[in-house]
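Colleague: Below are the C-alpha cells for one structure; questions will follow.
There are 2 protein chains.
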Amino acid sequence: LYVILVYDINVARVGKILKISRKYLNWVQNSVLEGELTEASFRAMKAEMMKVIVQDEDSLLFYVLGNQRYLERKLYGVKKGGEEWIL
Amino acid sequence: LYVILVYDINVARVGKILKISRKYLNWVQNSVLEGELTEASFRAMKAEMMKVIVQDEDSLLFYVLGNQRYLERKLYGVKKGGEEWIL
Numbered sequence: 017l018y019v020i021l022v023y024d025i026n027v028a029r030v031g032k033i034l035k036i037s038r039k040y041l042n043w044v045q046n047s048v049l050e051g052e053l054t055e056a057s058f059r060a061m062k063a064e065m066m067k068v069i070v071q072d073e074d075s076l077l078f079y080v081l082g083n084q085r086y087l088e089r090k091l092y093g094v095k096k097g098g099e100e101w102i103l
Numbered sequence: 017l018y019v020i021l022v023y024d025i026n027v028a029r030v031g032k033i034l035k036i037s038r039k040y041l042n043w044v045q046n047s048v049l050e051g052e053l054t055e056a057s058f059r060a061m062k063a064e065m066m067k068v069i070v071q072d073e074d075s076l077l078f079y080v081l082g083n084q085r086y087l088e089r090k091l092y093g094v095k096k097g098g099e100e101w102i103l
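Put into C-alpha cells, the structure is as follows:
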C-alpha cells in the first residue's frame, strides 16, 4: 500500500503521533508523512496511534493507494521534508 | 485531475492561500484541501498562488491523480472538513 498521512493532533499528543508515524513513514512536510506499507504494518501503525489520539479532538486522515504509479507530486516553494523523491 | 493540496504557509499569507484554494478545492482538514480540477483550473489556481507565496518560506505540495478511482480515504478521530465523502 502507498499511504499518505495528514494529521491534526492536539499539541499535547502530537509528539507521540509523530514518533509513531516516523517509525513507519517518511516525513514530508509539517503534519504530512507518506510511504510504502504492507497491510500488516498499516494495521500495526494505526493500532499504536489509536491508543494515543483523543477521538473528539484529534484527526488522522490517511489517503491509501494500491501503489504510487499514478500519483504525481508537485512541490512549490520550500522543500520541508527530507525525502529523496523531491530532490 | 484529482488534486490534494497540503500547504505550509507563513501565517502572514495563509489567509490569502486558503481563500484562493477554496475557490477551486474543498476544505478537508487543517492545511488540506482536495477536489476535481481540469488542467486549466489547476494551472489557474497555481498561477494565483505563485503570486502570493514566498519561495523560501512557504510550501505548497500537490498530490495529483488522474482520477480518484484508486484513492481510498480513512479518517480516524474528529472530522474537521465539511465534505460529504467523509460522512
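Line by line, the protein sequences are chains F and H.
Heads up: take any position in the first sequence, counting from 1, add 16, and you land on my numbering.
Heads up: take any position in the second sequence, counting from 1, add 16, and you land on my numbering.
Yeah, the Cβ is synthetic: ideal placement off N, Cα and C, and Gly gets one too.
Values in this document were obtained by computation on a predicted structure and should not be read as measured data.
What does H/I69 touch in chain F if you count any residue whose Cβ is under 8 angstroms from its own?
Modeller: Y92, G93
Colleague: Classify F/V48: buried if its beta carbon has 16 or more other beta carbons within 10 angstroms, exposed otherwise.
Modeller: Burial check for F/V48: the Cβ neighbour count within 10 Å reaches 16 or more, so the residue is buried.
Colleague: For the structure I just gave you, are there three or more beta carbon pairs, one from the segment 65-81 of chain H and one from the segment 29-42 of chain H, closer than 8 angstroms?
Modeller: yes
Colleague: Compare the Cα-Cα distances from F/L91 to each of H/K95, H/Q84, H/M65, H/E88 and report the closest residue.
Modeller: H/M65
Colleague: Starting from the beta carbon of F/R29, find every residue of chain H whose beta carbon is closer than 7 angstroms, and list them in chain order.
Modeller: None at all; the shortest Cβ gap to chain H is about 11 angstroms.
Colleague: Residue ranges of each alpha helix (DSSP H) run of no fewer than 4 residues wholly in the segment 35-100 of chain F, ordered along the chain?
Modeller: 55-66
Colleague: So is F/L34 in contact with chain H if we call contact Cβ pairs under 8 angstroms?
Modeller: no
Colleague: So, helix, strand or coil for H/K22, using DSSP?
Modeller: Checking the displayed sequence, the identity of residue 22 of chain H turns out to be Val instead of Lys. Note: H/V22 maps to strand in three-state DSSP.
Colleague: If you drop the 5 nearest sequence neighbours on each side, which residues of the same chain put their C-beta closer than 6 angstroms to that of F/M61?
Modeller: Y40
Colleague: Out of F/Y79, F/V94, F/G93, F/I69, point me to the one whose CA is closest to F/E52's CA.
Modeller: The residue with the shortest Cα to Cα distance from F/E52 is F/Y79.
Colleague: Let me check understanding here. Comparing Cα to Cα, which of F/R38, F/A28, F/R29 lies closest to F/L21?
Modeller: When only C-alpha atoms are compared, the closest one is F/R38.
Colleague: Would F/V19 be called buried (16 or more neighbouring beta carbons within 10 Å of its own) or exposed?
Modeller: buried
Colleague: For the ligand NAD, is there any heavy atom lying closer than 7 angstroms to the beta carbon of F/L21?
Modeller: The ligand NAD is not part of the structure shown, which contains no ligands of any sort.
Colleague: Using a Cβ-Cβ distance cut-off of 8 angstroms, determine whether H/K39 contacts chain F.
Modeller: no
Colleague: In three-state DSSP terms, what is H/V27?
Modeller: coil
Colleague: Could you tell me if H/G82 is buried or exposed, where buried requires 16 or more neighbouring beta carbons within 10 angstroms of its beta carbon?
Modeller: exposed
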